[in-house]
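Chains as they are written, first to last, in our numbering: chain Z, 49 to 606; chain H, 49 to 606.
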């Protein structure tokens, strides 16, 4: 029985994506308090950077919903970007619910699940564009929007407590090159039906106007490629399939043949072709064939626009790419945005290219990038169509969500709620009410290990990164007599004027004195010896280096 | 005798500032090859970031000129920014030459030298604006330009081999608020005399148009402060004295009293007042007085616009500042640029402020910042005035210098040379010729220690940051028998599913087996034992963590 009774409630809980751009994990629950049935909308990751050394992937902690896996009816993925589907394989074993997505997304989901050895286990339901999903109290319709990847979907979620519009990622582009234009009709119709709450993308809320059309990028890229006389490499995110289409058109218009460079380019192109895209494109060539072409007849489509050291473009810039070489007079067009935090690595890449005589052209110089997310005018249009009673901004940092809620109020939306991850928000005709706060941490993929962000490993490594490490070992008998050592090693510490040998000697003497100063009753006690040595070395180190290295002490009992 | 003879040559050697923005160290030499007399123009630092953990300050390696200190005639500082004078105190003991600067710069130089205990040792020569310096073959005139700090000077350097214009940092601002407008007359006159080479700022060579006038910022800031109803904090670089003036005017216009927050604000204001600036400003108040004022009567002028964790604004945002509190409805105006690499810390600061209900307004939202460096139209104007035979772009990354040399060629400059640090460039009527490459590394201030960047400490720490550390110790007799241990400690490693205790046991077993597998002739050998243990642990670690931690082994002989 799905009909509402007095005790049923509808709640929204973001576990990721509220407070950061990326790493989306949204929950909707309906039912009596504490006995709700749940759906997950999107299950994404975000990526580490120089502030998270050794952690490449960061995921929302799914603990809250994993504990309710029995009441989890399904996982719906709005589109195939990593920040919306990248955590599926890692967490599915704890969730074990069926997965729903449209064909392009599902193609890439299968790819990922196969890699993780889960393909045979996960019930997959491929939904057509505009299709319907029925899960307990949730009746859902996919609504086609526009974004930078094929098949971006909003979800209309009908519940006994009201209708929700979950936008996913979107923009308004009358001429998107890939996929249909925004299905405004469906949005207007839902608005007329009456939308209780809209959960909406906040990425570009600080940017006035519109994100701009991909068609504009195509025109400029066609022109810009036409101006080049040498080889052209276009650097873009492989996941920006619209941009790949744009680059392919720019190549063909200028009589250049396309060569894909980078593993994820091939992977995305596979998915795109699976849904019928690029069907009319001229055949691509491989890297060896491309190298044999005249310089003005080839266009490389490359990964690595963010200066990722192992991606194709960085290897090309350093001259270490096996088949792709760029020479003076060749050009690299950065058809992508600079992700905050990546500036230094991007600039290093661009400097290396410039040093090699390669022309570097970016989105600042020429109009060769547009965002896939809505700017303020597009948000205004969406609110005009949907006219929700409640605005719940997601997909943004704290300041984005607050600004978006403010914008919604200016647009006469009755209730705005800028959530934090873990907020349980009850949605009803009375508005949005915070009814609980549930665990909502982050999980790091630290090497091969999934570990809570607050688990301490990264914090310890940052201490090591700042101040280095000293290890000390000594062998002590039960009377407290030293039989061997102390010996000390340094790692990550600069050489002082007196030289490494002299300070190691000083450290060892200090450790030895510390052992000899241990009070009689503690002598020979391993722990007391360890503490005494550690404290003494810790006191000395700042006087040598002006910083506090990690001090590791091993006392071997004899 | 300073007159040129056939063997004399004029050379320019950048040791810093060519390949990076900041850290300027320029040398000019004149005389017979290998026996030149030298001057230094500027001696600056740059600052570390998340890519250089534990290193806050980076300096050019002065080794080449330190080895020629006997032939060093003087150190001329063009202006008081850290990237032009911040390394003086650290390196002066190796250089021991007299220092020349105009009054504002000299005030801050004295401050720094006093801190370093060098004030009584360094011969200081305060030069008036437009003043002359005569050092051996170098006859120099200071030319007043415009920048974001008082008294920015270009240097006209007359040598027997020709006239050089060393621009320092500059822009063209007809209404600069602080200081005189650019002394175009002097530049035009020098151009008519005939400039052999111009060594010129490249910071904004990728930006079309002009940097914009400080007067425009003043108008907007007056308006914006007028719109605010709560407390206003303006975040700016203390070294941007022009901006401090602008903020003070915006406060006074709106009936607000200024309160300086942050040590460097007070320091810069002291220097500014020393040269007669702010003489007509209303008295500032201290933090306690400011807290007692009505919210709409105060304007805080704060350091910390880059999200530096220990600066005033971060402490205000976290609520830990002793006297300055901001509440919902108060506003922070970021009147500064985002330095690449600082995005994450700035956004974190802005999110914290937004979370506290504070309005955050930056240069993207309102016109409250202009650069102090020349954009392309200003560069064009400078080349039209100076008409040098040779263009030497400095103060930029590689791609800036290359683009600037290209621009100069478009402007009909006969010779362009985009130098690398350490290039020794001979300047003559024939053009610019690379005649040598001299050592030009970087020095890190790593804690209290000055150490070559390539010294290894930072590289080791980055390894630790990525993969953590394992230390192992054991006590072994001369027959190779283990008497105690192996014991192992971990630091910076995530907990695997089997738990820390289990993997430590596994590591110790592995170490023990490694010792027992040592060939007979090596048994009991310390180094062989250490290597065997290290190799075994190194092989095991990736299977547990999927990464390669640093493995430190201490074998204690018995």
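Heads up, the beta-carbon is just placed ideally off N, CA and C, and yes, glycines get one too.
| Check | Outcome |
| --- | --- |
| C-alpha distance - residue 253 of chain Z paired with residue 396 of chain Z, whole-angstrom precision | 30 Å |
| CB contact check: residue 471 of chain Z to chain H, cutoff 8 Å | no |
| Residues of its chain near residue 323 of chain Z, where Cβ-Cβ distance is below 8 Å and the 5 sequence neighbours each way are ignored | 151, 152, 155, 198, 199 |
| Residue 58 of chain Z to residue 490 of chain Z span [Cα, whole Å] | 25 Å |
| Residue 301 of chain H - partner residues in DSSP beta bridges | DSSP output for residue 301 of chain H lists no bridge partner at all. |
| Three-pair Cβ contact test at 8 Å for the segment 217 to 229 of chain Z versus the segment 251 to 269 of chain Z | yes |
| Residues near residue 50 of chain H in its chain [Cβ-Cβ closer than 7 Å; skip 5 each side] | Its pLDDT being 45, under 50, residue 50 of chain H is placed unreliably by the model, and the measurement read from it follows with that caveat. Same-chain partners within the cutoff: 184, 185, 208. |
| Exposure label - residue 483 of chain H; buried when at least 16 CB within 10 Å | exposed |
| Cβ contact check for the segment 370 to 382 of chain H and the segment 263 to 279 of chain H: 3 or more pairs under 8 Å | yes |
| The ligand NAP heavy atom lying under 7 Å from the CB of residue 394 of chain Z | Summarising the ligand content, the structure contains no ligands, and the ligand NAP is consequently not present. |
| Beta carbon proximity, residue 112 of chain H to chain Z, threshold 8 Å | no |
| For residue 491 of chain H, three-class secondary structure by DSSP | strand |
| Nearest neighbour of residue 101 of chain Z, chosen from Z/522, Z/362, Z/427, Z/514 [CA to CA] | Z/514 |
| Rounded separation between residue 428 of chain H and residue 459 of chain H - CA only | 7 Å |
| Beta-carbon proximity of residue 512 of chain Z to residue 593 of chain Z, cut-off 8 Å | no |
| Distance, residue 448 of chain H Cα to residue 407 of chain H Cα | 35 Å |
| C-beta contact flag for residue 309 of chain H and residue 299 of chain H at 8 Å | no |
| Under 9 Å from the C-beta of residue 579 of chain Z: neighbouring residues of chain H | Neighbours of residue 579 of chain Z on chain H: none; closest Cβ ~14 Å, over 9 Å. |
| Where residue 343 of chain Z falls: helix, strand or coil (DSSP) | helix |
| Alpha carbon of residue 342 of chain Z to alpha carbon of residue 354 of chain Z, nearest angstrom | 28 Å |
| Below-8 Å beta-carbon distance, residue 600 of chain H vs any chain Z residue | yes |
| C-beta neighbour in chain H for residue 516 of chain Z, strict 8 Å | yes |
| Straight-line Cα distance separating residue 439 of chain H from residue 475 of chain H | 10 Å |
| Interface flag, residue 593 of chain H vs chain Z, CB-CB below 8 Å | yes |
| Burial state of residue 332 of chain Z (16 or more Cβ within 10 Å) | buried |
| Endpoints, beta strand (DSSP E) assigned at residue 407 of chain H | 407 to 409 |
| Rounded C-alpha distance that separates residue 52 of chain Z from residue 142 of chain Z | Because the pLDDT of residue 52 of chain Z is 49, which lies under 50, any placement of that residue in the model is unreliable, and the number read from its coordinates should be weighed accordingly. Straight-line Cα distance between these residues: approximately 29 Å. |
| 8 Å Cβ cutoff, residue 510 of chain Z in contact with chain H | yes |
| Test item: CB-CB of residue 3 of chain Z and residue 133 of chain Z under 8 Å | Past the edges of chain Z, shown from 49 to 606, lies residue 3 of chain Z, and the structure says nothing about it. |
| Which residues DSSP lists as bridging residue 127 of chain H, in chain order | According to DSSP, residue 127 of chain H bridges with nothing at all. |
| Proximity below 8 Å, CB of residue 217 of chain Z to CB of residue 443 of chain Z | yes |
| Length of the line joining the Cα atoms of residue 523 of chain Z and residue 559 of chain Z | 12 Å |
| Beta-carbon proximity of residue 539 of chain H to residue 600 of chain Z, cut-off 8 Å | yes |
| Residue burial classification, residue 604 of chain H (beta-carbon count within 10 angstroms, cutoff 16) | buried |
| Helix, strand or coil at residue 325 of chain Z according to DSSP, with G and I counted as helix | coil |
| C-beta neighbour in chain Z for residue 182 of chain H, strict 8 Å | no |
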